[in-house]
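Working notes for the structure below.
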Amino acid sequence: MYDLAATNYYLRLLRSNSAQWLSDRMWWISVTPKAQQPIEIDDIHEVLAGGTPPEVRQEDGYELPITLHCPVVAFFVHRSAGDGTVSILNLSSESASLRDYCRVLSSGASALGIEWGGRTWEAIAYAEDGDIVAHFPEGFSRELAGGTNPEALSQELQFIHQFSEDSPAGVLAQKAAALAILEARSGLRITDEWLNSTHEVVYVDVPVRVGDSAHGDAIASPPTLPNPPDGNKSELLFRIIDLLVAKFGFEWPEIAEARSAYGSGHVPGEALHTEVMDRTLRLGRDWLQATNEYESSAANSELMRLRWKAGIAIRVALREIEQTNPKLSSLQLAEEALGTDWPTVQQHILNP
């Protein structure tokens, strides 16, 4: 079923100067629809974004998400021209959990994923209908196998472990074999040309991971603020935007322009949303810099972190205004940013 020629191809790729970084960190999940259940890309985007409105762009090359140097996950999304299989690659972050994403992406489908680098050693996972069927972490370890039926990946484990860690190629050959498995599953071959071409990228800057214990099995927490009596969620979102702007000093022309457009019944252009996204990414970068600087105080670092969260809440709220029935994820983010000030702000929002 799996091709040694493909393994040799990926072994050369992992050793090449142009893509050697792939051997250090990557994460690839292939999601295959079940019969008569096509996968909706918008649903994939929302899952990747943790239930918040996703930021989706067309980007040239793979360098951008790797060199952002801010707390963001960049997912490359690719749909197969054949059976509708969707591939999702994360080339940049150690914050995304392969096992959790396999679980949530397998709703009404099956998902096979591999990863290495970041917070984990080499791992392979398989999920169906929201359940982890098989999971082999930490060096594709048989001893640490988990899931409801680890034998479901017996063929894949045999293919990977035909290369011993002590062999000349060692772990690198096992990674190449894992890539060959995902290629066979998805129909996608990773090449230098593919890595440097234009792709759909989903950016996730919300500081909550899928599978976070605080959220249980949900993708996003429900807001703690009840809907306004008249059911006008847009007006509620306007209020939270205005309060966050005042509280954290977000005198950004992009926010004012978007707020004005929505208030006039118009939808701002995508370029304006991109500018707001870029500003929130810089907030994350500022927080990381304050955290890493020796001279920076803990209080300053925490202030920068809360400011970053508030900026994300505004960005998400601007996206939610366009939605017919928004989930109000921005209110949960606003609560996290405002902390002990939230009860007072809540009253202002409900009783302006």
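Last residue of the sequence shown: 353 (the numbering used here), numbering continuous.
Built from N, CA and C at the ideal position, the CB exists for glycine as well.
Through-space distance from residue j to residue i, alpha-carbon basis
| i | j | result |
| --- | --- | --- |
| Pro230 | Leu237 | The pLDDT assigned to Pro230 is 46, lower than 50, so where the model puts this residue is not dependable; a value taken from the coordinates is nonetheless given after this. Distance between the alpha carbons of Pro230 and Leu237: 10 Å. |
| Leu90 | Leu23 | 11 Å |
| Ala338 | Leu244 | 12 Å |
| Phe141 | Ile125 | 6 Å |
| Ala314 | Gln290 | 21 Å |
| Arg280 | Ala110 | 36 Å |
| Ala36 | Ser88 | 18 Å |
| Val48 | Val73 | 15 Å |
| Pro151 | Asp130 | 16 Å |
| Ser198 | Ala75 | 15 Å |
| Ile45 | Ser108 | 10 Å |
| Asn293 | Asp43 | 36 Å |
| Asn18 | Thr192 | 13 Å |
| Pro34 | Ser81 | 11 Å |
| Phe251 | Trp288 | 16 Å |
| Ala170 | Pro54 | 43 Å |
One or two residues paired with residue i in a DSSP bridge
| i | result |
| --- | --- |
| Phe76 | Asn91 and Val203 |
| Ser31 | Ser88 and Leu113 |
| Gln333 | Looking at the DSSP assignment, Gln333 forms no beta bridge with any residue, so it has no partner. |
| His136 | Ala126 and Gly147 |
| Glu60 | His200 |
Sequence-distant residues of the same chain with beta carbon closer than 6 Å to residue i, five excluded per side
| i | result |
| --- | --- |
| Leu180 | Tyr11 |
| Ala112 | Ile30, Val32, Cys103, Leu106 and Ala128 |
| Gly147 | His136 |
| Ser235 | Ile322 |
| Leu154 | Tyr127 and Ala135 |
| Gly118 | Asp25 and Arg26 |
| Ala311 | Leu245, Phe249 and Ala338 |
| Gln21 | none |
Contact belief for residue i with residue j at Cβ below 8 Å, rounded distance in angstroms
| i | j | result |
| --- | --- | --- |
| Glu41 | Val202 | The pair is not a contact, with the Cβ atoms about 18 Å apart (cut-off 8 Å). |
| Arg100 | Ile133 | 6 Å |
| Ile256 | Leu183 | Not confirmed; about 41 Å, so no contact. |
| Lys176 | Glu258 | That pair is no contact at about 47 Å. |
| His79 | His200 | 7 Å |
| Leu173 | Leu15 | 6 Å |
Beta-carbon contacts of residue i that lie in its chain and below 7 Å, excluding the five residues immediately before and after
| i | result |
| --- | --- |
| Ala318 | Leu238, Ile241, Ile242 and Ser331 |
| Arg308 | Phe249 and Leu284 |
| Trp253 | Arg280 |
Nonlocal neighbours in the same chain, by C-beta distance under 8 Å from residue i, ignoring five residues either side
| i | result |
| --- | --- |
| Gly264 | Phe239 |
| Gln159 | none |
| Asn301 | Ala291 |
Classification of residue i by the beta-carbon crowding that lies within 10 angstroms, buried from 16 upward
| i | result |
| --- | --- |
| Arg260 | buried |
| Gln38 | exposed |
| Ala135 | buried |
| Ala299 | exposed |
| Met2 | exposed |
| Asp167 | exposed |
| Leu5 | exposed |
| Val268 | exposed |
| Gly270 | exposed |
| Tyr204 | buried |
| Gln347 | buried |
| Ala178 | buried |
| Ser165 | exposed |
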